[in-house]
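Report on the following structure.
Numbering (my numbering), first residue to last: 62 to 183.
So this is what it looks like as structure tokens:
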């Protein structure tokens, strides 16, 4: 009876140890892959033409830090390495502003793509 009890305890201990090791390995893999979210997109006019020289503003809603990005000829912007907090993003060109868009901390996609449209008018 004593031998059976010891074998059972050893088996339970081995199973528990395997569970801990596999959980830690998965957590380490996930941590290595998470280098932050990427927010990217384009600044466009109402006819979907890129707006070169527009400024994109990204506000961290927790810290209120603001990052900016001046878009190039193709209207593209990108903010890599974002943490999992709420953000607001908008673009501005010649005193005209796009709608403000939100990126939620609950959106767990590693890459978020948002086009920002500005009515440049004449």
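Note that beta-carbon positions come from the ideal geometry of N, C-alpha and C, so glycine has one too.
- Taking all protein chains in view, the Cβ of residue 167 is surrounded by fewer than 16 other Cβ atoms within 10 Å, so the residue is classified as exposed.
- In the structure shown, residue 154 falls within a strand segment according to DSSP collapsed to helix, strand and coil.
- In the three-state DSSP reduction, residue 145 falls in the coil class, being neither helix nor strand.
- Residue 179 is positioned such that its CB atom lies no closer than 8 angstroms to that of residue 140.
- Ranked by how close their Cα comes to the Cα of residue 182, the residues 110, 116 and 165 have 110 in first place.
- DSSP places residue 171 outside both helix and strand once states are collapsed to three, so it counts as coil.
- Here residue 103 is near residue 137, since their CB atoms are less than 8 angstroms apart.
- Residue 131 counts as exposed, since fewer than 16 other beta carbons sit within 10 angstroms of its beta carbon.
- Of all alpha-carbon atoms in 122, 123, 135 and 116, the one lying nearest the alpha-carbon of residue 129 is that of 116.
- Looking at the DSSP output, residue 139 bridges to 101.
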